[in-house]
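This report refers to the structure that appears directly beneath it.
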Amino acid sequence: MTDTLRNPILAGFNPDPSICRVGEDYYIATSTFEWYPGVQIHHSRDLANWQLASRPLARAAQLDMRGNPDSCGIWAPCLSYADGLFWLIYTDMKRYEGNFKDGHNYLVTAPSVEGPWSDPVYLNSSGFDPSLFHDEGGRKWLVNLQWDYRQREGGDRFGGILLQEYDVERRCLIGPIRNIFAGTEMKLTEGPHLYRRDGWYHLLVAEGGTGYDHAVTMARSREIAGPYEVHPDNPVLTTRQDPDNPLQRAGHADLVETPEGETWMVHLCSRPLPGTRRSPLGRETAIQKVQWGEDGWLRLAHGGSAPALEVPMPAVMPGVEQRPPAAEQNYAFQPGALPVDFQWLRTSEPERLFSLDARPGFLRLFGRESVGSWFEQALVARRQDSWNCSAETELEFEPVDIQQFAGLIAYYNRFKFHYLAVSLNDEGDKVLGVMSCHDEWPSERLDFAEPGVTLAPGLPVRLGLDIRERELQFRFAQGDDEWQPIGPVLDAGLLSDEGSGRAHGYFTGNFLGMAAHDISGRATPADFAGFRYRRNTR
């Protein structure tokens, strides 16, 4: 039995946490960007152990991301509970490069996190990171950052936090739009949340950008529209001056209060590979105990502003222990739904990408557009959540020309992936080879590992990969043969937010899974018999 909780509490790509409590139940919503269905909601009774409970944006009326660029899609959802309903606010970001950002903000509701979730109510498009605040007396207020495409001299494009009232009956925003907070000298002010305590409105924001200068800052006012005075000890949370902290990029937070009166902060973080600034697991969710001082300001309970890797176990359920994830997960494909850990990219029409019914016991992928397509790509994968892990699957696939290929993929986005794929060579032989995109932005140039391996026709092939922190090695076997490596040792750290450092930033994390591509347009099927994922293998 241990009396401490170890961060992160949601390992692997789970950024921008929003937390709420309903009775003795806690829920965290996190961003999913271009991965479908949209938004992950995890559930816990003790703040230490979490299970995926729902991905609520699961139909076309709520979300269609076809054409959304990499790292667009669902940004920073906000989950709250009031009036017997869960309220989920989210941004569907359509563009983020250049001076402009095209992001549209919506609201859906449900009586439980499992649904049914309503069709969306459109709110605005003035900026991202929307949050709904339920005030005393029943009034509801939306806050979001205002995007200023001009970027004036000495400033940035983060134009302050907007406030507007939401009318439940009319299902729309009403009244004046007010800019209530311009941010601090840290700039890049985003991720707003409002709270009310002891006659004060407390505004929590993220600042400094979502990289290694990220931070949480706070301000307060007696009136919801301000003016807001800033926290005397800002930033409340950051690792910008703590490069050795294992939890880097700490920021974008939310607060929850337990029935016992404890206050906890959830926040995003990343765990760079040792000796690097590369985070292939993406931005994860951690938790810190915080407390309100006699001066009415919030601070970390352990002091300072740096997040702690280990925190005291919450008093929610005495005697509870934090359970580690299973060392191995074996996924069988049965008719019906995908295993819960798996997602696909962008489209609200998964039946065009895959079937669990066409061949019971197999996941059948229908080869679609090219690797990295922003529209229709047959790729089904799960998050990498450990620096050291392995993945395996068995493939039956009979390509008829070089434009058809399928296999096992480690995928970050269209510029960063390693792919062990079965295809056909010019002589008509079925071959297995490795192709990679080494963060070649904007060219997307492919590298092909030579030589490939000729496979026996008509036999399934087992495909595997092993990741040891910075290194990735593919392997294969056919028939009764033993596993053998194929291709060179590859750069696993490249499959990260930071990548090569040459390209602009991204915000997701590495996925491991199965893919089929047929750029001839014939939708050639590929059948996968199960998937195995192992953590911390040596």
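To convert, note that position 139 of the sequence shown is 148 in this note's numbering; the numbers rise steadily by one, no gaps.
No residue lacks a Cβ here, since even glycine has one placed at the ideal position from N, Cα and C.
Identity of the residues DSSP links to residue i by a beta bridge
i, result
"residue 188", "171"
"residue 216", "224"
"residue 232", "Residue 232 pairs with nothing; no bridge assigned."
"residue 59", "In the DSSP output, where bridge partners are listed per residue, residue 59 has none listed."
"residue 146", "DSSP, once it has assigned bridges, lists no residue as partnering residue 146."
"residue 398", "476, 544"
"residue 484", "473, 494"
"residue 300", "308"
"residue 522", "390, 418"
"residue 47", "66"
Contact set for residue i: own chain, Cβ-Cβ below 6 Å, skip 5 residues either direction
i, result
"residue 434", "440"
"residue 547", "Confidence is the limiting factor: at residue 547 the pLDDT is only 41, short of 50, which leaves the residue's position unreliable, though a coordinate-based value still follows. Excluding positions up to five away in sequence, the list is empty."
"residue 60", "52"
"residue 445", "427, 456"
"residue 408", "432, 433"
"residue 114", "100, 132, 133, 139"
Terminal residues of the beta strand (DSSP E) in which residue i lies
i, result
"residue 264", "257-266"
"residue 447", "439-447"
"residue 321", "319-321"
"residue 500", "493-500"
"residue 115", "111-119"
"residue 240", "Looking at the DSSP string, residue 240 is not in any beta strand (DSSP E), and its letter there is neither H nor E."
"residue 458", "456-463"
"residue 201", "199-206"
"residue 196", "Segment: none, residue 196 is in no beta strand (DSSP E) and carries neither H nor E."
"residue 34", "34-39"
Sequence-distant residues of the same chain with beta carbon closer than 7 Å to residue i, five excluded per side
i, result
"residue 318", "15, 16, 255, 256"
"residue 207", "305"
"residue 31", "90"
"residue 21", "290, 291, 293, 392, 393, 394, 518"
"residue 12", "321, 322"
Minimum C-alpha distance to residue i - residue among the options
i, options, result
"residue 347", "113, 134, 523", "523"
"residue 438", "111, 122, 502, 414", "414"
"residue 345", "323, 373, 333, 48", "373"
"residue 156", "147, 175, 196", "196"
"residue 174", "192, 163, 188", "188"
"residue 481", "455, 238, 447", "447"
"residue 282", "507, 33, 526, 12", "507"
"residue 268", "54, 292, 533", "54"
"residue 353", "241, 192, 525", "525"
"residue 470", "490, 24, 453", "490"
"residue 349", "185, 28, 67, 26", "67"
"residue 250", "222, 34, 230", "222"
"residue 425", "219, 80, 171, 274", "80"
"residue 62", "47, 75, 130", "47"
"residue 85", "165, 37, 386", "37"
Residue i beta carbon near the ligand SAM (any heavy atom closer than 7 Å)
i, result
"residue 176", "Of the ligands one can find in the structure shown there are none, so the ligand SAM has no counterpart to examine."
CB-CB length for residue i against residue j, believed under 8 Å
i, j, result
"residue 41", "residue 82", "7 Å"
"residue 200", "residue 215", "4 Å"
"residue 363", "residue 371", "Contact flag wrong, Cβ pair sits at about 10 Å."
"residue 132", "residue 116", "6 Å"
"residue 521", "residue 390", "6 Å"
"residue 324", "residue 404", "Not confirmed; about 49 Å, so no contact."
Cutoff 8 Å; reference residue i; Cβ partners in own chain excluding five residues on either side
i, result
"residue 541", "337, 338, 339, 340, 399, 400, 401, 402"
"residue 429", "416, 417, 418, 441, 442, 443, 472, 474, 483, 485, 495, 496"
"residue 119", "65, 94, 95, 97, 125, 126, 127"
"residue 148", "174"
"residue 185", "173"
Short CB-CB distance (under 8 Å) between residue i and chain D
i, result
"residue 15", "Protein chain content of the structure displayed is limited to a single chain, and chain D is not contained in it."
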